[in-house]
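Residue numbers (our numbering): 687 to 780.
Read through the structure below, which is laid out as C-alpha cells, and then see the notes.
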C-alpha cells in the first residue's frame, strides 16, 4: 500500500512528493482540475495560496481541506490517492 511520506515541492499546479517506498513522484494537478471542473469549489485550487495549503492525510493521500461544496452545502476535502500518484506521477531521480 502506497502512502505519501513527504511533500518535497509545491509549484503552480504541480507537486513533488516522496512515497513510503522512497520513490519521488511529480504530479501535474491541472489536468485533474480540468477533469473535475464540475466540482463546485475546485476552482479555488487555482489560487496559489490555497493550492499551497496541500497536506498529507491519515491514509497517505494529498488533500486540501473543505474545498468542495456539495449540493447540500456540505464542505468536503479534495484528495488525491497515493495509488493515483504512484501510477500517474512522473518518477523523479533523487
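Each residue gets a CB set at the ideal place from its N, CA and C atoms; glycine is no exception.
Since the structure is predicted, the reported quantities are computational estimates derived from the model, not experimental observations.
What residues in its chain sit with their C-beta under 6 Å from that of residue i, if we drop five residues either side in the sequence?
i	result
residue 753	727, 730, 764
residue 692	704
Could you give the first and the last residue of the continuous alpha helix (DSSP H) run that contains residue i?
i	result
residue 734	734–737
Would you list the one or two residues that DSSP bridges to residue i?
i	result
residue 701	696, 713
residue 741	749
residue 778	710
Taking the straight line between their C-alpha atoms, what separation do you get for residue i and residue j?
i	j	result
residue 688	residue 743	13 Å
residue 779	residue 699	20 Å
residue 777	residue 771	10 Å
residue 736	residue 715	13 Å
residue 733	residue 739	10 Å
Closer than 8 Å by C-beta to residue i: which residues in its own chain qualify, once you throw out the five before and the five after it? Chain order, please.
i	result
residue 718	766
residue 709	772, 777
Excluding the 5 residues flanking residue i on each side, which residues of the same chain have their C-beta closer than 7 Å to its C-beta?
i	result
residue 768	688, 689, 690, 705, 746, 747
query: For the region 743–776, which segments carrying the beta strand (DSSP E) assignment without a break, of at least 3 residues, lie completely within its bounds, in sequence order?
result: Scanning the region 743–776 from its first residue to its last, the whole beta strand (DSSP E) runs of 3-plus residues come out as 748–755, 761–766.
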